[in-house]
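In what follows, a structure is listed as structure tokens, so that the remarks can point back to it.
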Amino acid sequence: GPYTDEVKPLVELMLQKRVAVRVEVDRVRSWDHRKLGLDPIPLDGSTARYLERLPPA
Numbered sequence: 003g004p005y006t007d008e009v010k011p012l013v014e015l016m017l018q019k020r021v022a023v024r025v026e027v028d029r030v031r032s033w034d035h036r037k038l039g040l041d042p043i044p045l046d047g048s049t050a051r052y053l054e055r056l057p058p059a
């Protein structure tokens, strides 16, 4: 919502434990790791098991 005088005290309180970062992108680089010819890395981690339940994209 809008930053008004009414919400200013609440926002100031919340800002004590938060940080905001604004990134202005000039250029983007990406890398296709499949081109390296490496074996696929298996899905792992606490959320990977939920990915197996999703239908194929």
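Numbering-wise (the numbering used here), the sequence shown opens with residue 3 and increments by one. Where a beta carbon is used, it is the ideal one built from N, C-alpha and C, also for glycine. Predicted model, so just to flag it, every value in this text is computed and none were measured.
If we cut at 9 Å on Cβ distances, does residue i have a partner in chain D?
i      : result
Ile-43 : Protein chain content of the structure displayed is limited to a single chain, and chain D is not contained in it.
I'd like the span of the alpha helix (DSSP H) that includes residue i, first residue to last.
i      : result
Pro-11 : 10–17
Tyr-52 : 50–53
Note down the Cα distance separating residue i from residue j, rounded to an integer number of angstroms.
i      : j      : result
Ala-22 : Leu-15 : 14 Å
Leu-40 : Arg-20 : 39 Å
Tyr-5  : Val-13 : 8 Å
Arg-31 : Lys-10 : 38 Å
Arg-24 : Gly-3  : 18 Å
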